[in-house]
Structures are given as structure tokens and as C-alpha cells.
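Engineer: A single structure is presented below for examination.
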Amino acid sequence: MTKYSDEELIALLDDLESDRAERKQSFKGDTPVRARQVVCAFANDLPNHDKPGILFIGACDDGSPSREPITDELLRNLADMKSDGRILPLPVLTVEKRALKGAEMAVVAVWPSDMPPVKFEGRIWIRTGPRRSIANEQEERILIERRRFKNLPFDIQPVPGALLSDLSMVIFQNEFLPSAFAQDVLEGNNRSYEERLASCRMILSPSDPVPTLLGLLTVGKNPQDFLACAYIQFLRIDGTELSDPVIDEERFDGTLPDMLRRAEEKLSSHNRVAVDIATGPTHSLSIPYPPVAIQQLLHNAVLHRTYEGTNAPVRVYWFNDRIEIMSPGGPYGNVTEDNFGTPGITDYRNPNVADVLRTFGFVQAFGRGIPVARRELERNGNPPLEFIVNRSAVVCLVRKRP
């Protein structure tokens, strides 16, 4: 990522007609919402500049400094726009404090997305000149077509042999769309079924309607017909070793939402609350594992798994003293075996699967699953979370509360 010089930033500040710069005096009032609209529009890059758009905080409309204090808290709030899940797919942006025109400003650089169209709270924002607006049908088609020529992540690559008829129109229209787009956008939408699928990255394009891996996982009639590894295997073992008797087992397949809902119900049924009426003046309740922690770790395993070069499912093995959750595929991108689990270090092998899990409510914000799990385990009195990390898998060990 190229860092802009002071001269280049000042030139953007002074160019009042530029569609690559936005100026905000502060980050107060309705500015956090408008700033996210700006980030969404820059990520969509409708003019096809293929260069970052710049959001200045601490600049007046004419480009002069507003003298807004640029605090660490402000910089953190700006960085949160990347991972709070309100802009999907996740944008690529950097935030820094710069001294420009004799004053401090916060500079947010937003890179064009490889996976347009990008949405903010269910609306596709674009920018033409200094004007920011919601994309019309033709503008959305342009963004979809542009995506075909990018280096696509694996989760939105087409699946050979899959047909449009392998996707469920009922699930897509009745379950996914109302969760993914704002109601007013859906009511004013004259796009065809194929155009809507393409906009959501479920097929390659309206003219080439081959389902993507994402489409099959999200609204496929029988996803495992094409993705044999895309399921969760559950075992309840009466003992502490794999060789001990299995007292419950189940395979959870289908779409991602169905798979996760059924797996969560199974885990909940085994996580029985104990009542202590003997050791205190009043009865007390205890639970072996905090439900939120197990839920977060399961979602993480499904979100970050690999689908390439493996037939392995996500495995959840429940022993008498621990739960082991295995996700196929080692660390990805910025995450390595050495820094795995370090707060603030995250990357996404399947960014569009992340989009779907956020849309269906399985993920509220990104990069917080492991910290939340650790916090809940500590509160419940469980031993610390453990990880076994190598190039082929990540295994999470959750020890039972003593």
C-alpha cells in the first residue's frame, strides 16, 4: 500500500470537485454514519480510479483545517469502521494522524474493493464527482461486471458443474435478501433474480450464472453435493480419549445458517446446568462451559476454515474434561502460527462467508470472537483457552470448569 505524501494529500484537500476526497470537520453527530457511507463509496470506486479515496477528519469544506483535536480515541473509532460489520464485504483502509496545512488531521485511506458491490447497512453507496448517492441498477451492473476481472477470493469463485437450479430461490428471496438489504431498497428494486444473485456474489454474473461457493453454502439446495467437506461433525465421547465410547454423534450439513443453528442446539443440549443445594445457604447454578464462548469458537471455526485441497469437516469433539474444535486450514494472511490469537491481528480467508455470517446475525463484529470467548471462560471459572496451530489445521481446546 502506497503512502501518500503531504503534497498529494494537500492537493486532494484543495480539489473541491474531486471524487476521491471527502472532508469532515469532526467525527461527531451524524458524521460516523456519513463517514461509513463515504468508505463504502470509495470501496466501490465506480469511476474506476483504482486508487485509494481519502476521508479527512479535521478539514472544513474548503480544505482548510478545522482544528479538531485528533485523539487516540478518534483514531480507534475511525479504525472500527473496518471491522464493525456495518460495511460488507469488509473494506481495506488505513487510519493515521497527519500534519497538513499547519494542523493535525486524521486521514482515512480506503482502497477499491476486489469484490464490489460493497454495502453499508444494506445500501450500495457510490461517488460521482463530489456527489454521494445510492447506486441505481445500471451502476450496480457496472460494479458486478468489474468484479469478474479481479483476483477473486476462493469463496466467490464459480463451482464447476453447479447450475442456477442448484440454488434455492425461496431461501434467497425470503431469508437472505431481507437480512442483507434495507427494506426501502428491496421495495424499489426492479433487478432480475439473476442480477440480485450476482449483486450478492451468489453467482458469477447475470450473463454467466454459475453458482459460486458462497452461493451454494448460503442458499444451495444440497451444498454438500459439490462441497463434500462443508459440514460439521459432532462426537460426544464418554471419556478423555478418542478410543473411549461414543455416546452421541451427528453430522450437520445443509446451508451455513442451518448447519450452525443445528450444531448450536446440539451443543446446548449437552451443556447441562448443575444445581448445588448442599454447600451454601442458597442453591447455586453452574455450567461446564459458557455458551457464548462455545458459540464464538464454533463460528470462528466455520468462518476461517479452508475449502481447498481438503475433504475434512469442522470437527467438534466433546470429551468428559474438554471440548476440541478443529478447523481445517492453518493461519491465513496476516495471522501466523506465532501471532495466532493475539488481539488486533486478524485476517479473512473467506471474506464473503464473513459477510453472510454477519448478515444472518451469527457474527456481530469482526476480530472479537477469541477475545469474547476468553472473557466468558474467565468469568465462568474455566481454565484459559488453548490452541494447537499448524499449517493444516487449528485446534481449539476448551477445558471444563473445575
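Going letter by letter, the sequence shown gives residues 951 to 1352 in our numbering. Beta carbons are placed, not taken as given, at the ideal position from N, Cα and C, and that holds for glycine.
Could you name the residues that DSSP lists as bridge partners for D1198?
Structural biologist: Translated into positions along the sequence shown, residue 1198 becomes position 248. R1186, per the DSSP bridge assignment.
Engineer: Tell me the rounded alpha-carbon separation between P1195 and R1325.
Structural biologist: To locate residue 1195, count along the sequence shown from 1; it is residue 245. To locate residue 1325, count along the sequence shown from 1; it is residue 375. Distance between the alpha carbons of P1195 and R1325: 32 Å.
Engineer: Since V1303 is in the beta strand (DSSP E), which residue starts that stretch and which ends it?
Structural biologist: Residue 1303 sits at position 353 when you count from the first residue of the sequence shown. From DSSP, V1303 is part of no beta strand (DSSP E) but of the alpha helix (DSSP H) over P1301 to T1309.
Engineer: With DSSP as the reference, identify every bridge partner of A1009, one or two as the case may be.
Structural biologist: Locating residue 1009 in the sequence shown gives position 59, where the first residue counts as 1. According to DSSP, A1009 bridges with P1015.
Engineer: If you drop the 5 nearest sequence neighbours on each side, which residues of the same chain put their C-beta closer than 8 Å to that of D1000?
Structural biologist: Sequence index remark: in the sequence shown, residue 1000 carries index 50 (1-based). Around D1000: P1062.
Engineer: As an exercise, report each continuous beta strand (DSSP E) stretch of at least 3 residues that is fully enclosed by the region 1249–1286, in chain order.
Structural biologist: DSSP runs (the beta strand (DSSP E)) wholly in the region 1249–1286: 1264–1268 and 1272–1278.
Engineer: Can you say whether E1137 is buried or exposed, counting buried as having 16 or more other CB atoms within 10 angstroms of its CB?
Structural biologist: As a first step, residue 1137 is located in the sequence shown; it is residue number 187 there, counting from the start. With fewer than 16 other Cβ atoms within 10 Å, it is exposed.
Engineer: For G1319 and chain B, any beta-carbon pair shorter than 8 Å?
Structural biologist: Absent from the structure: chain B. Only one protein chain is present.
Engineer: Would you kindly work out how many angstroms separate the C-alpha atoms of H1233 and P1241, rounded to a whole number?
Structural biologist: For the purposes of this step, residue 1233 is taken as residue 283 along the sequence shown, with counting starting at 1. For the purposes of this step, residue 1241 is taken as residue 291 along the sequence shown, with counting starting at 1. For H1233, the predicted model reports a pLDDT of 47, less than 50, meaning its position is unreliable; a value from the coordinates is still stated below. Taking the straight line joining both Cα atoms gives about 21 Å.
Engineer: Return the bridge partner residues of V1349 from the DSSP annotation.
Structural biologist: Translated into positions along the sequence shown, residue 1349 becomes position 399. Before going further, note that residue 1349 is Arg rather than Val in the sequence given. Paired residues: R1272.
Engineer: Cβ of I1037 versus every heavy atom of the ligand ZN: is any distance shorter than 7 Å?
Structural biologist: Looking at this structure, you won't find the ligand ZN or any other ligand, since it has none at all.
Engineer: Could you compute how far the alpha carbon of Y1143 sits from the alpha carbon of D1158?
Structural biologist: As a working mapping, residue 1143 is identified with position 193 in the sequence shown. As a working mapping, residue 1158 is identified with position 208 in the sequence shown. Straight-line Cα distance between these residues: approximately 13 Å.
Engineer: Is it a yes or a no for the region 973–982 touching the region 1059–1079, going by three-plus beta-carbon pairs under 8 Å?
Structural biologist: No: fewer than three Cβ pairs fall under 8 Å.
Engineer: Does DSSP put E1054 in a helix, a strand or coil?
Structural biologist: Locating residue 1054 in the sequence shown gives position 104, counting from the first residue. DSSP places E1054 in strand when its eight states are reduced to three.
Engineer: Pull up the distance between the alpha-carbon of R1212 and that of D965, whole angstroms please.
Structural biologist: Sequence index remark: in the sequence shown, residue 1212 carries index 262 (1-based). Sequence index remark: in the sequence shown, residue 965 carries index 15 (1-based). The alpha-carbon atoms of R1212 and D965 are separated by roughly 54 Å.
Engineer: Shortest alpha-carbon distance to E1274 belongs to which of P1128, L1248 and L1028?
Structural biologist: Looking up residue 1274 in the sequence shown gives position 324. That would be L1248, whose Cα lies nearest to the Cα of E1274.
Engineer: Leaving aside the five residues before and after L996 along the sequence, list all residues of the same chain whose C-beta is less than 8 Å from its C-beta, in chain order.
Structural biologist: Within the sequence shown, numbered from 1, the residue matching residue 996 stands at position 46. So the qualifying residues of the chain are I1076, R1077, T1078, A1085, E1089, I1092 and L1093.
Engineer: Just verifying my parser: in three-state terms, what is the DSSP assignment at I1338?
Structural biologist: Numbered from its first residue, the sequence shown carries residue 1338 at position 388. If DSSP states are grouped into helix, strand and coil, I1338 belongs with the strands.
Engineer: Checking 8 Å against the spacing of the C-beta atoms, do Y1257 and F1104 come in under that value?
Structural biologist: For the purposes of this step, residue 1257 is taken as the residue at position 307 of the sequence shown. For the purposes of this step, residue 1104 is taken as the residue at position 154 of the sequence shown. Taking 8 Å as the Cβ cut-off, Y1257 and F1104 qualify as a contacting pair.
Engineer: What is the DSSP secondary structure of E967, reduced to helix, strand or coil?
Structural biologist: The residue labelled residue 967 in the question sits at position 17 within the sequence shown. The answer is coil: DSSP assigns E967 none of H, G, I, E or B.
Engineer: With a cut-off of 8 Å on the beta carbons, I'd call L959 and L1050 a contact; round off their distance for me.
Structural biologist: Here residue 959 corresponds to residue number 9 of the sequence shown, with the count starting at 1. Here residue 1050 corresponds to residue number 100 of the sequence shown, with the count starting at 1. Confirmed, Cβ separation roughly 6 Å.
Engineer: May I ask you to report which of helix, strand or coil DSSP gives G1170?
Structural biologist: In the sequence shown, counting from the first residue as 1, residue 1170 sits at position 220. Strand, per DSSP.
Engineer: Excluding the five sequence neighbours on either side, which residues of its own chain have a C-beta within less than 8 Å of the C-beta of G1052, listed in chain order?
Structural biologist: Here residue 1052 refers to the residue found at position 102 of the sequence shown. Excluding sequence neighbours, G1052 sits near P1015.
Engineer: Tell me which residue opens and which closes the beta strand (DSSP E) that P1076 is part of.
Structural biologist: As a first step, residue 1076 must be located in the sequence shown, where it is residue number 126. It should be pointed out that residue 1076 corresponds to Ile in this sequence rather than to Pro. From DSSP, the beta strand (DSSP E) with I1076 extends over W1075 to T1078.
Engineer: Which term fits G1294, buried or exposed, when burial requires 16 or more other beta carbons within 10 angstroms of its beta carbon?
Structural biologist: For this step, residue 1294 is matched to residue 344 along the sequence shown. With fewer than 16 Cβ atoms within 10 Å of its Cβ, G1294 is classed as exposed.
Engineer: Counting only the same chain and skipping the five closest in sequence on each side, list residues whose C-beta sits under 6 Å from that of T1260.
Structural biologist: Translated into positions along the sequence shown, residue 1260 becomes position 310. Here the set comprises C1179 and P1278.
Engineer: Decide if the region 1300–1319 is in contact with the region 1171–1188; the criterion is three or more beta carbon pairs, one per stretch, under 8 Å apart.
Structural biologist: These segments do not touch.
Engineer: Out of I1244, V1266 and H1254, which has the shortest C-alpha to C-alpha gap to G1280?
Structural biologist: If you number the sequence shown from 1, residue 1280 lands on position 330. The option with the nearest alpha carbon to G1280 is H1254.
Engineer: I'd like the span of the beta strand (DSSP E) that includes S1155, first residue to last.
Structural biologist: Counting from one through the sequence shown, the residue named residue 1155 turns up at place 205. Note, S1155: beta strand (DSSP E), I1153 to S1155.
Engineer: Relative to the C-alpha of V1348, which residue among N1270, N1284 and V1303 is closest?
Structural biologist: Here residue 1348 refers to the residue found at position 398 of the sequence shown. The shortest C-alpha separation from V1348 is found at N1270.
Engineer: Relative to the C-alpha of I1106, which residue among K1047, L1147 and V989 is closest?
Structural biologist: Residue mapping note: residue 1106 aligns to position 156 of the sequence shown, counting from 1. Of the candidates K1047, L1147 and V989, the one whose C-alpha sits nearest the C-alpha of I1106 is L1147.
Engineer: Can you tell me where the alpha helix (DSSP H) with V983 in it begins and where it stops?
Structural biologist: To locate residue 983, count along the sequence shown from 1; it is residue 33. Per DSSP, V983 belongs to the alpha helix (DSSP H) from T981 to N994.
Engineer: What residue from Y1239, A1009 and G1204 has the CA that sits closest to I1217's CA?
Structural biologist: Residue mapping note: residue 1217 aligns to position 267 of the sequence shown, counting from 1. Note on identity: in this sequence residue 1217 is Leu, with Ile being the wrong assignment. Cα-wise, what sits closest to L1217 is Y1239.
Engineer: For my contact list, G1003 and V1060 are in at a C-beta cut-off of 8 Å; report their separation, rounded to the angstrom.
Structural biologist: Against the sequence shown, residue 1003 aligns to sequence position 53. Against the sequence shown, residue 1060 aligns to sequence position 110. Contact holds; Cβ gap of about 5 Å.
Engineer: Give me the Cα-Cα distance between A1304 and Y1298, rounded to the nearest whole angstrom.
Structural biologist: Against the sequence shown, residue 1304 aligns to sequence position 354. Against the sequence shown, residue 1298 aligns to sequence position 348. So the two alpha carbons sit approximately 8 Å from each other.
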